[in-house]
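First the structure, in the form of structure tokens, and then the observations on it.
Protein chains: 2
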Amino acid sequence: MNEARWLTDEQQRAWRKLAGVITVLPTALDAQLQRDASVTHFGYWVMALLSESADLSARMSDLAAKANASPSRLSHVVSRLEKNGWVHRRKSPEDGRGSIAVLTEAGQAKVVASAPGHVAKVRELLFDGLDDDQVRQLDEICAVLLRQMGYHAETAMPMRRQDSSQAGG
Amino acid sequence: MNEARWLTDEQQRAWRKLAGVITVLPTALDAQLQRDASVTHFGYWVMALLSESADLSARMSDLAAKANASPSRLSHVVSRLEKNGWVHRRKSPEDGRGSIAVLTEAGQAKVVASAPGHVAKVRELLFDGLDDDQVRQLDEICAVLLRQMGYHAETAMPMRRQDSSQAGG
Numbered sequence: 001m002n003e004a005r006w007l008t009d010e011q012q013r014a015w016r017k018l019a020g021v022i023t024v025l026p027t028a029l030d031a032q033l034q035r036d037a038s039v040t041h042f043g044y045w046v047m048a049l050l051s052e053s054a055d056l057s058a059r060m061s062d063l064a065a066k067a068n069a070s071p072s073r074l075s076h077v078v079s080r081l082e083k084n085g086w087v088h089r090r091k092s093p094e095d096g097r098g099s100i101a102v103l104t105e106a107g108q109a110k111v112v113a114s115a116p117g118h119v120a121k122v123r124e125l126l127f128d129g130l131d132d133d134q135v136r137q138l139d140e141i142c143a144v145l146l147r148q149m150g151y152h153a154e155t156a157m158p159m160r161r162q163d164s165s166q167a168g169g
Numbered sequence: 001m002n003e004a005r006w007l008t009d010e011q012q013r014a015w016r017k018l019a020g021v022i023t024v025l026p027t028a029l030d031a032q033l034q035r036d037a038s039v040t041h042f043g044y045w046v047m048a049l050l051s052e053s054a055d056l057s058a059r060m061s062d063l064a065a066k067a068n069a070s071p072s073r074l075s076h077v078v079s080r081l082e083k084n085g086w087v088h089r090r091k092s093p094e095d096g097r098g099s100i101a102v103l104t105e106a107g108q109a110k111v112v113a114s115a116p117g118h119v120a121k122v123r124e125l126l127f128d129g130l131d132d133d134q135v136r137q138l139d140e141i142c143a144v145l146l147r148q149m150g151y152h153a154e155t156a157m158p159m160r161r162q163d164s165s166q167a168g169g
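Read top to bottom, the protein sequences are chains X and E.
Under our numbering, the residues of the first sequence are numbered 1 to 169, in order.
Under our numbering, the residues of the second sequence are numbered 1 to 169, in order.
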């Protein structure tokens with residue numbers, strides 16, 4: 001067996017905790033949204049991204065990139081959102097290739113109704129115990145991790161009033 | 001609609017990145033382990049926890065707590081590990097209730113063989129770009145998050161030589 005470069009004790013402790021967070025946090029977020037809004041966290045995220053987009057619509061390939069998802073995962077989730085009447089898919093008018101996802105009125109209403117409860121949960125699970133320095137540190141650390149995993153550090157997850165003027169930022 | 005306490009801009013930026021990390025990181029870890037070792041990250045984690053335990057075994061309920069998993073999720077994963085001959089389940093001799101998971105010789109060999117490649121991936125995805133301060137910050141932040149989600153901050157994910165003397169630490 002080749003000599004591996006093992007983690008330092010400090011790295012190991014941090015990694016064990018982060019591995020715990022990535023195991024537990026998605027489940028906690030899904031549980032709240034499923035119970036209160038009958039939608040998964042990822043489904044909510046996709047709708048929230050559309051709610052920020054011009055004309056409440058986005059090319060599926062762009063949406064996949066923004067949501068850090070593979071095309072097949074996104075397609076699977078959008079199919080479920082379509083069954084609920086929250087999203088509608090249509091062919092791209094420009095080139096006929098690929099398709100465009102559009103947030104329906106019902107989907108918009110779902111995002112607006114779900115946002116306050118969801119943001120309260122995110123505050124409770126994440127931000128209530130973090131001071132301003134830690135929020136900044138978390139931002140910088142996650143930016144490094146996303147870059148190392150080959151993703152844009154600026155993902156999109158709207159967490160404020162849906163009628164605010166910013167889009168995608 | 002009640003007035004929600006929305007996130008600050010700084011919190012929102014950090015949350016979008018963390019949401020990206022929890023979407024992408026499990027997939028990246030699974031991909032490496034599935035390709036190189038035919039095991040999921042969670043399956044590897046469960047076997048690694050057993051490899052650190054006295055007699056290479058643990059009560060299923062204790063294992064679920066250590067792995068931050070629900071009993072049903074753990075049971076599902078252990079069933080798959082059993083099919084591969086890596087873990088074996090037996091009744092508890094003490095009280096006849098519940099069961100005990102034991103790492104088999106093949107399971108032990110699987111952990112030892114998989115660890116170097118996995119730790120290399122964890123370094124590449126996580127630690128190569130983080131300095132010592134950031135590793136400490138990540139540890140402290142994740143400890144806060146785990147406590148807020150009702151979990152012990154000290155989870156276990158062995159990331160060093162399997163023959164080292166520490167157990168569970």
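The beta-carbon is built from N, C-alpha and C at its ideal position, and this holds for glycine as well.
No experiment lies behind these values; they were computed from the predicted model shown.
Interface residues of chain E facing V24(X) [CB-CB closer than 8 Å]: On the first sequence, position 24 is the one that residue 24(X) refers to. Chain E residues near V24(X): N68, L146, M149, Y151.
Does the CB of Q137(E) have a neighbour CB from chain X at under 8 Å? Indexing the second sequence from 1 puts residue 137(E) at position 137. Yes, contact with chain X.
Nearest-angstrom Cβ-Cβ length linking Q148(X) and G129(E), presumed shorter than 8 Å: In the first sequence, counting from the first residue as 1, residue 148(X) sits at position 148. In the second sequence, counting from the first residue as 1, residue 129(E) sits at position 129. Contact holds; Cβ gap of about 5 Å.
Should R73(X) be counted as a contact of the ligand FMN given a C-beta to heavy atom distance under 7 Å? In the structure on display, the ligand FMN does not appear, and there are no ligands present to speak of.
Close Cβ partners of A170(X) (< 7 Å) along its chain, the five nearest in sequence each way excluded: Residue 170(X) lies beyond the range of chain X shown here (1 to 169); nothing can be said about it.
Excluding five sequence neighbours on each side, which residues of the same chain lie with their C-beta closer than 7 Å to the C-beta of Q162(E)? Counted from its first residue, the second sequence places residue 162(E) at position 162. Low confidence applies here, because Q162(E) scores a pLDDT of 47, under 50, leaving its location unreliable and the question unanswered by this model.
In the structure shown, what three-state DSSP assignment does S75(E) receive? Counting from one through the second sequence, the residue named residue 75(E) turns up at place 75. Note: S75(E) maps to helix in three-state DSSP.
K83(X) and A143(E): beta carbons closer than 8 Å? Position 83 of the first sequence, counted from the start, is the residue given in the question as residue 83(X). Position 143 of the second sequence, counted from the start, is the residue given in the question as residue 143(E). No, the Cβ-Cβ distance between K83(X) and A143(E) is not below 8 Å.
Just the C-alpha distance for V170(X) and S61(E), rounded to the nearest angstrom, thanks. Past the boundaries of the shown model lies residue 170(X); chain X is included only from 1 to 169, so the question cannot be answered.
List the whole-angstrom C-beta distance separating I100(E) from S57(E), where the pair is believed to meet the contact cut-off of C-beta under 8 Å. Locating residue 100(E) in the second sequence gives position 100, counting from the first residue. Locating residue 57(E) in the second sequence gives position 57, counting from the first residue. Contact flag correct, Cβ pair sits at about 5 Å.
Just curious, the alpha helix (DSSP H) that L103(E) is in, first and last residue? Taking the second sequence and counting its residues from 1, one reaches residue 103(E) at position 103. Counting along the chain, L103(E) falls outside any alpha helix (DSSP H), though it belongs to the beta strand (DSSP E) covering 99-103.
The beta strand (DSSP E) spanning R5(X) covers which residue range? Position 5 of the first sequence, counting from 1, holds the residue named residue 5(X). Per DSSP, R5(X) belongs to no beta strand (DSSP E) and is neither H nor E.
Considering only the beta carbon of each residue, do Y44(E) and G20(X) sit closer than 8 Å? Position 44 of the second sequence, counted from the start, is the residue given in the question as residue 44(E). Position 20 of the first sequence, counted from the start, is the residue given in the question as residue 20(X). Contact flag unset, no.
In this structure, does DSSP put A69(X) in helix, strand or coil? Here the question's residue 69(X) lines up with position 69 in the first sequence. Of the three classes helix, strand and coil, the one that applies to A69(X) here is coil, per DSSP.
Residue range of the alpha helix (DSSP H) that R147(E) falls in? Here residue 147(E) is taken as the residue at index 147 of the second sequence, counted from 1. From DSSP, the alpha helix (DSSP H) with R147(E) extends over 132-148.
Closest by C-alpha distance to E10(X), when choosing among I141(E), L145(E), V135(E): For this step, residue 10(X) is matched to residue 10 along the first sequence. The shortest C-alpha separation from E10(X) is found at V135(E).
DSSP on V39(E), reduced to helix/strand/coil? Sequence index remark: in the second sequence, residue 39(E) carries index 39 (1-based). Three-state result, V39(E): coil.
Tell me which residue opens and which closes the beta strand (DSSP E) that A58(E) is part of. Start at 1 with the first residue of the second sequence, and residue 58(E) comes out as number 58. Taken as a continuous stretch (DSSP letters only), the beta strand (DSSP E) holding A58(E) covers 57-59.
Alpha carbons only, please: which of A14(X), T8(X), H76(X) is nearest the one belonging to T40(X)? As a working note, residue 40(X) is residue 40 in the first sequence. When only C-alpha atoms are compared, the closest one is H76(X).
8 Å is my cut-off, CB to CB: does R80(E) come that close to chain B? Judged by its chain identifiers, the structure shown contains no chain B, and its protein chains are X and E.
Report, in whole angstroms, the separation of the C-beta atoms of Q32(E) and G98(E), which I expect to be a contact under 8 Å. The residue labelled residue 32(E) in the question sits at position 32 within the second sequence. The residue labelled residue 98(E) in the question sits at position 98 within the second sequence. About 33 Å; that fails the 8 Å criterion.
Taking Cβ-Cβ distances shorter than 8 Å, what residues in chain X pair up with E124(E)? Taking the first residue of the second sequence as position 1, residue 124(E) is located at position 124. The answer, in chain order, is Q148.
Based on Cα-Cα distance, which residue from I141(X), A120(X), A109(X) lies nearest to A28(X)? Taking the first residue of the first sequence as position 1, residue 28(X) is located at position 28. Nearest C-alpha to A28(X): A120(X).
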